[in-house]
Amino acid sequence: MSEVNRRGFLSRAWKFGVSAMAAAGAWTSWDALRPRLPAGFGSRIKTVAPEAVPENTVIEVPQARAYLTKIDGQVVALSEVCSHLGCRVPYCDSSGQFECPCHGSVFNRAGDFLSGPAPRGMDMYATEIVDGVVEINTEEFLTGAPPGTETIIEPPKGPSCTESSHG
Ligand code: FES
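Sequential numbering from 4 applies to the sequence shown in this note's numbering.
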């Protein structure tokens with residue numbers, strides 16, 4: 004190999020090496036920083052038999068970031084992501100309502116908006132009974148009902164969780 008050819012080869016090899024390292028670095032950064040969703044999110048999540056979904060409370064399905072309950076005998080899947088600014092909304096067993104800890108929005112068991120800064124009720128996911136099991140379709144998102152919607156009328160069962168945690 005002549006001196007000129009050798010220099011050209013080394014120059015190209017060096018550039019290739021730098022490009023490969025840059026690509027590897029970019030991939031590592033993207034892989035480390037990309038948002039992680041729970042396993043199964045963004046698809047159909049198998050849950051429980053429809054008979055196991057309660058009429059007077061809710062069950063949480065963390066893989067779907069949702070709650071299941073029954074309204075007038077129908078299974079409903081409510082998104083646990085607050086329709087205000089996206090905090091996780093816990094269900095308060097003592098009041099029987101959803102109470103967002105971030106800015107105080109309150110929703111009834113059907114996800115109807117009751118109070119606070121949220122612009123609408125809780126968003127929902129489509130559900131389907133497949134082979135005797137409720138499946139939540141997290142790709143079929145249903146926007147929550149506007150304020151004033153009264154799917155059910157259920158006054159608080161007891162004390163609020165957010166009020167009792169503040170003394
Ligand atoms: S995020 Fe729930 S009330 Fe603001």
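Glycine included, every Cβ here is placed at the ideal spot set by N, Cα and C.
Proximity winner among the options, relative to residue i (alpha-carbon distances)
| i | options | result |
| --- | --- | --- |
| residue 97 | 78, 119, 67, 163 | 163 |
| residue 124 | 87, 132, 93, 134 | 87 |
| residue 131 | 71, 57, 85, 158 | 71 |
| residue 152 | 160, 122, 133 | 122 |
| residue 78 | 46, 158, 53, 93 | 53 |
| residue 127 | 49, 146, 85 | 146 |
| residue 154 | 75, 144, 166 | 75 |
| residue 148 | 49, 62, 85 | 85 |
DSSP bridge partner residues for residue i (one or two, in chain order)
| i | result |
| --- | --- |
| residue 48 | 139 |
| residue 130 | 139 |
| residue 91 | 84 |
| residue 72 | 79 |
| residue 62 | 71 |
| residue 102 | 109 |
Same chain, Cβ closer than 8 Å to residue i, neighbours up to 5 away in sequence not counted
| i | result |
| --- | --- |
| residue 119 | 87, 103, 106, 107, 108, 109 |
Inter-residue spacing [alpha-carbon to alpha-carbon] between residue i and residue j
| i | j | result |
| --- | --- | --- |
| residue 129 | residue 117 | 23 Å |
| residue 68 | residue 15 | 51 Å |
| residue 141 | residue 134 | 18 Å |
| residue 51 | residue 81 | 15 Å |
| residue 47 | residue 18 | 46 Å |
| residue 73 | residue 59 | 8 Å |
| residue 64 | residue 138 | 11 Å |
| residue 136 | residue 55 | 10 Å |
| residue 150 | residue 66 | 28 Å |
| residue 95 | residue 166 | 11 Å |
Spatial neighbours of residue i in its chain, beta-carbon cut-off 7 Å, leaving aside the 5 residues before and after
| i | result |
| --- | --- |
| residue 159 | 98, 99, 100 |
| residue 57 | 72, 73 |
| residue 90 | 103, 104, 105 |
| residue 49 | 136, 138 |
ask   = Which residues, in chain order, sit with a beta-carbon under 5 Å away from any heavy atom of ligand 1?
value = 85, 87, 88, 90, 103, 105, 106, 108
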